[in-house]
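Q: Chains as they are written, first to last, in the numbering used here: chain A, 72 to 509; chain B, 427 to 738; chain C, 4 to 185.
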Ligand SMILES: [Zn+2]
């Protein structure tokens, strides 16, 4: 039993953004509304004494439906030195994420039902965030034979993706979009043409020329975005474009949506927060795939999010060990550690600077992902699971290796102070993170 | 003028004045090279580690000679014989060097930024002996020395850098400093080897060598790796040579006693004709001598005492 | 520049001129002429002194002796102990010193370390028959077994004192001062 009071509830699924109270009973949201009296609470929750109800004062804070991140690399099984499902889900709830989609590029890859079930069981054991496995599209990520999509879906997979690399064969992509219709699940496409990307380690442009680093042209992404939306249009398949980073991809998506193609897309906040000009030779935290792009791309991505061309935010949380990232830039793996810092960074850099309002952030990071991937949550509607985040816009924290729940520390915010953090997170009405009691 | 840097990683953190200071210090060093006894006690007891993760006999020998003349002790970590090839990380290598109390490290590496990486971890000075496609500051400095020696200075001098600019740390580092010193730099090559983003350097970009030649005071040919043909970057060596190969006839178009430079090693008959490379206009051999003098100057400035004012 | 207070003027312009004149005569006298003689000034203030000696000898012997400039920075043994790195200048000895009587010229002889460095530098340039040392001031406190062959003036000093030689070519004034260190 839970009573959160006096809090600014943000729930774009019902068009709510107002101060009020929320009640939780039996793991589900029981009722929301303007300021309840003790009698109301006792009546709704069906208890006799108010001390049977946990009360949380929410003045000055926000309450969101739990955030849903559709792009997380949990690394288990096989690379538990980078992250495991325990540490990754602890990091998720600390960052305000109650549900995450776990990518399939583990060792071995998630391409069998047993693997999907393993991931789910590990997540249940950890007892933090809900974890929805994404299964591979092709067996062993080899880009050839399709996985047993129907069996994998029955085992709990919610989408299919060879994320980590692009599916180079257009025919394989076509067949996967066709076959996935049996499951109703989207194919998540990591758009990267290996020939164009070559040995590149950052976006090709002036910054890469200045740093003498091999460049990846923007077309390495956009040509595959174009390919995949065209194939989706032709087949009637359901595609989700992961980590869109270029302005050309945005205009292809805009055109595709106008044509009614069943496509959705995500942007990683680091592409809104940084550009290729931020890349430093000695800090591989800025080495991500797709690589940080230019200022114009950044503006196009933001515009795409605001006008609905792009449907959601997603972290692409990609933990790597300190040793792997502490090398010359070109020799380090791609990826950024994001779950625990990303909401604060978005709050500080986008919301406080007036580029995006908080309602839009919740729409993009909770409502839309739930809708696209058919997940519970993404709303504060009565009767739905009580996946909740209490967000304190004034909470400040210096990001340190010790403070992170994630095993990795490959974040550009290391040593820096950020403002605006989730202070309590509930999954199914159960408190899974409380910053006060850390 | 006081030397203020712990490391030399690229030309961009040097001022024009600092570059001139290095060039001036190299003048007495070149005098030493002309002596019968080429040996100084200056750096007796100082130790220099040469770490070449990419083979380069020329650059390594040049540094080694410079260090030996100055009397320093040299430790060679060549890839073949050290733990480098056994997969020891650069970080561990750095820690080993730190423990050995090395005074100066010269590193050459295929990865851009490896010298920066090492410099962050070492209290010893680091000289970049060439990293990836990033920088080759000592090559640039020896080129400046050679240009100044022949042209008297840099202001308004027209310098052409020709060829595989895309993969060339030499072109990049050279342009950075030449601009600071007041020269006009033009990069010339086929579009596949010369991307427009190089304009950030403030250089002129051109695909037409013959058009740029008139008035050039110095022309520098870059080495064309023969693999570029297989990678599809140039259709043939024949066509490359036809468009960008330096020849005696071509060089006459400058209408000046232009000097001809090459960072070496040359592909005779590809980017430069043999007779031009051996002609009086060619300063390619002097570049090698000047390389030792400039590296001596740099090593002296970095570890030859008086380091109380180092700021970075 | 010098920190402290000047205590004493040891030489004025005339004094310097007379001392140089006397050293010039002594050099020629000791070598029984100018044959085989070469002059090498130690940078910085040994150079104008050597030039003046060259001029004087030209006046009374009508012979212009070869003159070289020596920068001993690279031969100093105290490089790692000093705060401010000396700016390197060219050593220019545009003649062979092989078999010559070489007069090494400096302003002040103190510990002998500069001379030691200069001797090493000279030996790297060739093998002279003989090296002799001429200085304007000998202030004592030798740390090496080195002595001057020609001395403008012997000035016994305490270790708390320093000497500064000022010459028109390198400084504004022309005098030798004794300072008390702070
Ligand atoms: Zn991906």
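Backbone N, C-alpha and C fix where the C-beta goes; we use that ideal spot for every residue, glycine too. In this text the structure is predicted, and so the values were computed from the model without any measurement.
Determine, using beta carbons only, whether residue 777 of chain B and residue 638 of chain B come nearer to each other than 8 Å.
A: Chain B is shown only over 427 to 738; residue 777 of chain B falls outside these bounds and no answer can be derived.
Q: Could you check the C-alpha separation between residue 170 of chain C and residue 110 of chain C for me, to the nearest Å?
A: Position 167 of the third chain, counted from the start, is the residue given in the question as residue 170 of chain C. Position 107 of the third chain, counted from the start, is the residue given in the question as residue 110 of chain C. Going by the C-alpha atoms only, they are around 10 Å apart.
Q: At which residue ranges does the stretch 183-263 of chain A contain complete alpha helix (DSSP H) runs of 4 or more residues, listed in the order of the chain?
A: 184-197, 220-226 and 241-250
Q: Residues of chain B with CB under 8 Å from residue 352 of chain A, in chain order?
A: As a working mapping, residue 352 of chain A is identified with position 281 in the first chain. Correct list: 538, 539, 542, 543 and 560.
Q: To the nearest angstrom, how far is the alpha carbon of residue 432 of chain B from that of residue 712 of chain B?
A: Counted from its first residue, the second chain places residue 432 of chain B at position 6. Counted from its first residue, the second chain places residue 712 of chain B at position 286. About 28 Å.
Q: Over what stretch of residues does the beta strand (DSSP E) that includes residue 142 of chain A continue unbroken?
A: Taking the first chain and counting its residues from 1, one reaches residue 142 of chain A at position 71. Unbroken beta strand (DSSP E) run through residue 142 of chain A: 138-143.
Q: Could you tell me whether the Cβ of residue 633 of chain B comes closer than 8 Å to any Cβ of chain A?
A: Taking the second chain and counting its residues from 1, the one referred to as residue 633 of chain B is at position 207. With 8 Å as the cut-off, residue 633 of chain B does not count as an interface residue toward chain A.
Q: Excluding five sequence neighbours on each side, which residues of the same chain lie with their C-beta closer than 7 Å to the C-beta of residue 99 of chain C?
A: Counted from its first residue, the third chain places residue 99 of chain C at position 96. Residues 129 of the same chain have their beta carbon placed closer than 7 Å to that of residue 99 of chain C, with the five preceding and five following residues left out of the count.
Q: Count the C-beta pairs between the stretch 66-86 of chain C and the stretch 42-50 of chain C that are closer than 8 Å, then say yes if the count reaches three, no if not.
A: yes
Q: Residues bridged to residue 79 of chain A by DSSP?
A: The count along the first chain starts at 1 and reaches residue 79 of chain A at position 8. Beta-bridge pairing links residue 79 of chain A to A:90 and A:133.
Q: Against residue 390 of chain B, what residues of chain A qualify as contacts under a CB-to-CB distance less than 8 Å, listed in chain order?
A: This structure cannot settle anything about residue 390 of chain B, because the visible part of chain B is limited to 427 through 738.
Q: Note down the Cα distance separating residue 186 of chain A from residue 197 of chain A, rounded to an integer number of angstroms.
A: The residue you call residue 186 of chain A lines up with position 115 of the first chain. The residue you call residue 197 of chain A lines up with position 126 of the first chain. Cα to Cα, residue 186 of chain A sits roughly 17 Å from residue 197 of chain A.
Q: Grab the span of the alpha helix (DSSP H) containing residue 484 of chain B for me, first residue to last.
A: Taking the first residue of the second chain as position 1, residue 484 of chain B is located at position 58. Residue 484 of chain B -> alpha helix (DSSP H) spans 483-495.
Q: Could you tell me the alpha carbon to alpha carbon distance between residue 371 of chain A and residue 322 of chain A, rounded to whole angstroms?
A: As a working note, residue 371 of chain A is residue 300 in the first chain. As a working note, residue 322 of chain A is residue 251 in the first chain. Approximately 9 Å, taken between the alpha carbons.
Q: Just checking residue 550 of chain B against ligand 1 - is the residue's beta carbon closer than 7 Å to any of the ligand's heavy atoms?
A: Counted from its first residue, the second chain places residue 550 of chain B at position 124. Incorrect: residue 550 of chain B has no Cβ contact closer than 7 Å to ligand 1.
Q: When you compare only the Cα positions, how much space is there between residue 8 of chain C and residue 165 of chain C?
A: In the third chain, counting from the first residue as 1, residue 8 of chain C sits at position 5. In the third chain, counting from the first residue as 1, residue 165 of chain C sits at position 162. So the alpha carbons of these two residues sit roughly 10 Å apart.
Q: Out of A:463, A:448 and A:476, state which residue places its alpha-carbon closest to the alpha-carbon of residue 499 of chain A.
A: Here residue 499 of chain A refers to the residue found at position 428 of the first chain. Measuring from the Cα of residue 499 of chain A, the nearest candidate turns out to be A:448.
Q: Using only alpha-carbon positions, find the residue among A:470, A:485 and A:459 that is nearest to residue 517 of chain A.
A: Absent from the structure is residue 517 of chain A, since the part of chain A shown begins at 72 and ends at 509.
Q: Is there at least one Cβ from chain C nearer than 8 Å to residue 463 of chain B's Cβ?
A: Indexing the second chain from 1 puts residue 463 of chain B at position 37. Yes, because at least one Cβ of chain C sits closer than 8 Å to the Cβ of residue 463 of chain B.
Q: Can you check the stretch 442-492 of chain A for any beta strand (DSSP E) of at least 3 residues that lies completely inside it and give the ranges in chain order?
A: The stretch 442-492 of chain A contains, as complete beta strand (DSSP E) runs of 3+ residues, the segments 459-469 (chain order).
Q: What distance in whole Å lies between the Cβ atoms of residue 396 of chain A and residue 481 of chain A, which are believed to be in contact at a cut-off of 8 Å?
A: Stepping through the first chain from its first residue, residue 481 of chain A is reached at position 410. Stepping through the first chain from its first residue, residue 396 of chain A is reached at position 325. Confirmed, Cβ separation roughly 5 Å.
Q: Could you check which residue in A:324, A:267 and A:450 has the C-alpha nearest to that of residue 88 of chain A?
A: For the purposes of this step, residue 88 of chain A is taken as residue 17 along the first chain, with counting starting at 1. Measuring from the Cα of residue 88 of chain A, the nearest candidate turns out to be A:450.
Q: Any idea what DSSP makes of residue 587 of chain B, helix, strand or coil?
A: As a working mapping, residue 587 of chain B is identified with position 161 in the second chain. Correct three-state label for residue 587 of chain B: strand.
Q: Considering only heavy atoms of ligand 1, does any lie closer than 7 Å to the CB of residue 235 of chain A?
A: Locating residue 235 of chain A in the first chain gives position 164, counting from the first residue. At least one heavy atom of ligand 1 is nearer than 7 Å to the Cβ of residue 235 of chain A, so yes.
Q: Does the distance between the C-beta of residue 207 of chain A and the nearest non-hydrogen atom of ligand 1 fall short of 7 Å?
A: Indexing the first chain from 1 puts residue 207 of chain A at position 136. Because no heavy atom of ligand 1 lies under 7 Å away, the Cβ of residue 207 of chain A does not count as near it: no.
Q: Within 10 Å of its beta-carbon, does residue 543 of chain B have 16 or more other beta-carbons around it, so buried, or fewer, so exposed?
A: As a working note, residue 543 of chain B is residue 117 in the second chain. Residue 543 of chain B sits buried, since 16 or more C-beta atoms from the chains shown fall within 10 Å of its C-beta.
Q: Can at least three beta-carbon pairs, one atom from the stretch 101-119 of chain A and one from the stretch 408-428 of chain A, be found at a separation below 8 Å?
A: no
Q: Taking only three categories from DSSP, how would you classify residue 11 of chain C?
A: As a working mapping, residue 11 of chain C is identified with position 8 in the third chain. Looking at residue 11 of chain C - three-state DSSP - the assignment turns out to be strand.
Q: Could you pull the start and end residues of the alpha helix (DSSP H) that residue 580 of chain B belongs to?
A: Counting from one through the second chain, the residue named residue 580 of chain B turns up at place 154. Careful: residue 580 of chain B lies outside any alpha helix (DSSP H) and carries neither H nor E.
Q: Find the residues of chain B that neighbour residue 485 of chain A, judging by a C-beta separation of less than 8 Å, and give them in chain order.
A: Residue numbering aside, residue 485 of chain A sits at position 414 when the first chain is read from its first letter. Within chain B, no residue comes near residue 485 of chain A; the closest Cβ sits about 14 Å away, beyond 8 Å.
Q: Report yes if the C-beta distance between residue 716 of chain B and residue 456 of chain B is below 8 Å; otherwise report no.
A: Residue numbering aside, residue 716 of chain B sits at position 290 when the second chain is read from its first letter. Residue numbering aside, residue 456 of chain B sits at position 30 when the second chain is read from its first letter. Going by C-beta atoms, residue 716 of chain B is nearer than 8 Å to residue 456 of chain B.
Q: Per the contact definition of three or more C-beta pairs closer than 8 Å, is the stretch 598-614 of chain B in contact with the stretch 568-583 of chain B?
A: yes
Q: Would you call the stretch 274-282 of chain A and the stretch 332-348 of chain A in contact, with 3 or more CB pairs under 8 Å?
A: Yes, since at least three Cβ pairs between the stretch 274-282 of chain A and the stretch 332-348 of chain A fall closer than 8 Å, the two stretches touch.
Q: Could you check the C-alpha separation between residue 179 of chain C and residue 151 of chain C for me, to the nearest Å?
A: Here residue 179 of chain C is taken as the residue at index 176 of the third chain, counted from 1. Here residue 151 of chain C is taken as the residue at index 148 of the third chain, counted from 1. Spanning the two alpha carbons is a distance of roughly 18 Å.
Q: So for residue 85 of chain C, helix, strand or coil by DSSP?
A: Mapped onto the third chain, residue 85 of chain C falls at position 82. Looking at residue 85 of chain C - three-state DSSP - the assignment turns out to be coil, as it is neither helix nor strand.
Q: Using a cut-off of 8 Å between C-beta atoms, extract the partners of residue 127 of chain C located in chain B.
A: As a working note, residue 127 of chain C is residue 124 in the third chain. Chain B residues near residue 127 of chain C: 461, 463, 465 and 466.
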